[in-house]
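Trainee:
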Amino acid sequence: MRLDPFYLIVDSAEWISRLVPLGVKLVQLRIKNKTAAEIRVEIRIAKAICAAYGSQLIVNDYWQLAIEEGCDFIHLGQEDLEVADLGAIRAAGQKLGLSTHDSAELETAMAAKPDYIALGPIYPTILKQMKWSPQGPERLRVWKERIGDLPLVAIGGLNADRLDGVLSHGADSAAVVTDITLNADPETRTRQWLAATAAWRQ
């Protein structure tokens, strides 16, 4: 399996409606602090938009809703992995991405036989408080050697200027959140990411 080198992460279907039509081919819907009913509506809208534009939608955390709504890709953190029903996920034919931050988490993730592994934070991030120090791009090469052919996603503090650094160190895809969502012109910034990843997409 291959992942697009530009991995957008947003917290609403509204963001997806704004940015996916620009050419985004891989997007994660990561919603916090909403009810299950609200999240279901967001998933349905996001799924329809992604289908219309040929974009791969990944649903974060809410694997039961993703199964019920016919989504084909989910992403879980380590805490969610502990309680998720991997048998149900596989029976539904869903692909699975997993977050890792250290060697113990990587071992746990690999045991779940995921479809990709994410490593972070690569650089300091303002998205959330983390107990892990920035890994640095060099750690990506170590992770890639350990996971082999599985796609590797770099996340944490990424911007377009740091893109080549993480992709050249073994990441197959670069996940971005705040560099776009907190930008004064998210659409222009998205186009810059699409342009910056064009060569890696070939």
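Residue numbers (UniProt numbering): 1 to 202. The beta carbon of each residue, even a glycine, is placed where N, CA and C say it ideally should be. Keep in mind the model is a prediction, meaning the values are calculated, not measured.
What does DSSP give as the partner residues of Ala118 in its beta bridges?
Mentor: What you label residue 118 is simply residue 118 of the sequence shown in a count that begins at 1. Ala118 is bridged to Ser99 and Val153.
Trainee: Ordered along the chain, which non-local residues of its own chain (more than five positions away) have a Cβ less than 7 angstroms from that of Ala36?
Mentor: Residue numbering aside, residue 36 sits at position 36 when the sequence shown is read from its first letter. For Ala36, where only same-chain residues beyond five positions count, the Cβ hits under 7 angstroms are Leu65.
Trainee: Name the two residues that bound the continuous alpha helix (DSSP H) containing Ala112.
Mentor: In the sequence shown, residue 112 corresponds to position 112, counting from 1. Where Ala112 is concerned, there is no enclosing alpha helix (DSSP H), given that its DSSP letter is neither H nor E.
Trainee: Which residues in the same chain as Leu152 place their Cβ atom closer than 8 angstroms to its Cβ, once the five residues preceding and following it in sequence are excluded?
Mentor: As a first step, residue 152 must be located in the sequence shown, where it is residue number 152. Only Tyr116, Ile117, Ala118, Leu119, Leu140, Trp143, Lys144, Gly170, Ala171, Asp172 and Ser173 meet the Cβ criterion.
Trainee: Using only alpha-carbon positions, find the residue among Glu42, Leu26 and Val27 that is nearest to Asn33.
Mentor: By 1-based counting over the sequence shown, the position of residue 33 is 33. Answer by Cα proximity: Glu42.
Trainee: Mark Pro121 as exposed unless 16 or more other C-beta atoms lie within 10 angstroms of its C-beta, in which case mark it buried.
Mentor: As a first step, residue 121 must be located in the sequence shown, where it is residue number 121. Its Cβ being crowded by 16 or more others within 10 Å, Pro121 is buried.
Trainee: Check the DSSP bridge columns for Gln28 and list the partner residues they point to.
Mentor: Reading the sequence shown from its first residue, position 28 is the one you call residue 28. Per DSSP, Ile9 and Ile58.
Trainee: Beta carbon of Phe73, beta carbon of Lys47: below 8 angstroms?
Mentor: Position 73 of the sequence shown, counting from 1, holds the residue named residue 73. Position 47 of the sequence shown, counting from 1, holds the residue named residue 47. Against a cut-off of 8 angstroms, the Cβ pair of Lys47 and Phe73 comes out as no contact.
Trainee: Starting from Val176, trace the beta strand (DSSP E) both ways and give me its first and last residue.
Mentor: The residue given as residue 176 occupies position 176 in the sequence shown. Per DSSP, Val176 belongs to the beta strand (DSSP E) from Ser173 to Val176.
Trainee: With DSSP collapsed to three states, give me the class of Leu182.
Mentor: Position 182 of the sequence shown, counted from the first residue, corresponds to residue 182. Looking at Leu182 - three-state DSSP - the assignment turns out to be coil, as it is neither helix nor strand.
Trainee: Do Ala92 and Ile67 have their C-beta atoms closer together than 8 angstroms?
Mentor: Stepping through the sequence shown from its first residue, residue 92 is reached at position 92. Stepping through the sequence shown from its first residue, residue 67 is reached at position 67. Yes; because the gap between Cβ atoms is below 8 angstroms, this pair is in contact.
Trainee: Following the continuous alpha helix (DSSP H) through Leu140, name the residue where it begins and the one where it ends.
Mentor: Reading the sequence shown from its first residue, position 140 is the one you call residue 140. Note, Leu140: alpha helix (DSSP H), Glu138 to Ile147.
Trainee: Figure out for me which residue from Ser17, Gly23, Asp11 and Cys50 has the closest Cα to the Cα of Glu38.
Mentor: As a working note, residue 38 is residue 38 in the sequence shown. Out of Ser17, Gly23, Asp11 and Cys50, Asp11 has the C-alpha closest to the C-alpha of Glu38.
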